[in-house]
Ligand code: CA
């Protein structure tokens, strides 16, 4: 999924680009209204994050002109103004959603996901040569389509969104199976193995990695995970009887 960020504050633009790329989105940025609008008109994006106060041409004008020309790319406005008039105005002119600055990055991600769920945004999630269509729930690797069950699809999407992170069986159970999951079964391992067979068997580069006793992670190479910080819980047990 390709996102255009039109934002003149360099720090904000960089932060958004870095954060969204870490989530698997492809991101391009424009630092003023004119160049942003030009990109929006010439390139294929799935979503535009559009700042309101921009040099050369402001966000509302860009929005109005794009919609006037029937350019229907979903647009999420980023506005520093929080007055209702501005927000209503933006939505009336065809914005799909808005966020008032400053906003939490997690909030932005939630809004993007919500636009995806509404079907406004067409999405592709990609990790190396593995691509997911998050609407059709289809997977393919190096152009070869892979048949997945609904549960396997949910698993691989979770792994791709959390690429490079060690994910415990408990976390997978909770995220994919929900709270009614019986932790006494080996269902998670069984499903991960099914998934591994489907996405890795025919390919030289293996993506599904196992950290023995800890869980699984998606990566094209082995990662050394640092052990969780040890906390000393009972200091009174140490050093008693010794006067060093
Ligand atoms: Ca601005």
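Residue numbers (our numbering): 51 to 294.
Ideal placement from N, C-alpha and C gives every residue a C-beta, glycine not left out.
*Measure the alpha-carbon distance for residue 258 versus residue 184 and round it to whole angstroms.*
19 Å
*residue 83 - containing alpha helix (DSSP H), residue span*: 83-92
_Residues of its chain near residue 81, where Cβ-Cβ distance is below 6 Å and the 5 sequence neighbours each way are ignored_ = 58
*Would the beta-carbon of residue 82 be found less than 7 Å away from any heavy atom of ligand 1?*
no
*Is the segment 195-207 in contact with the segment 157-165, if contact means three or more CB pairs nearer than 8 Å?*
no
*asked:* Using C-beta distances below 8 Å, list every residue in its chain close to residue 108, excluding the 5 sequence neighbours before and after it, in chain order.
replied: 83 and 102
*Report yes if the CB atom of residue 125 is closer than 8 Å to the CB atom of residue 146, and no otherwise.*
yes
_In the DSSP output, which residue or residues are listed as bridge partners for residue 195?_
190
_Where the beta strand (DSSP E) through residue 259 begins and ends_ = 258-261
*What's the gap between the Cα of residue 247 and the Cα of residue 225?*
21 Å
_residue 287 classed as buried or exposed, judged by whether at least 16 other C-beta atoms fall within 10 angstroms_ = Note that residue 287 scores a pLDDT of 45, beneath 50, so its modelled location is shaky and nothing firm can be said.
*Any idea if residue 123 is buried or exposed, counting beta-carbon neighbours within 10 angstroms, 16 or more meaning buried?*
buried
*Return the residue from the list 149, 93, 232 and 61 that minimises the CA-CA distance to residue 53.*
93
_Buried versus exposed, by CB contacts within 10 Å (16 or more), residue 100_ = buried
*Pick helix, strand or coil for residue 271, following the three-state DSSP scheme.*
coil
*Give the secondary structure of residue 156 by DSSP, where H, G and I count as helix, E and B as strand, and everything else as coil.*
helix
*Could you name the residues whose beta carbon sits closer than 6 Å to any heavy atom belonging to ligand 1, keeping them in chain order?*
58, 59, 101, 103 and 104
*Could you tell me whether the segment 210-217 touches the segment 252-268, using the rule of 3 or more Cβ pairs below 8 Å?*
yes
*In this structure, does DSSP put residue 174 in helix, strand or coil?*
strand
*Starting from residue 147, trace the alpha helix (DSSP H) both ways and give me its first and last residue.*
Run containing residue 147: none in the alpha helix (DSSP H); it sits in the beta strand (DSSP E), 147-150.
*asked:* Checking the sheet assignment: what are the DSSP bridge partners for residue 80?
replied: 56
*asked:* Alpha carbons only, please: which of 135, 144, 136 and 167 is nearest the one belonging to residue 114?
replied: 144
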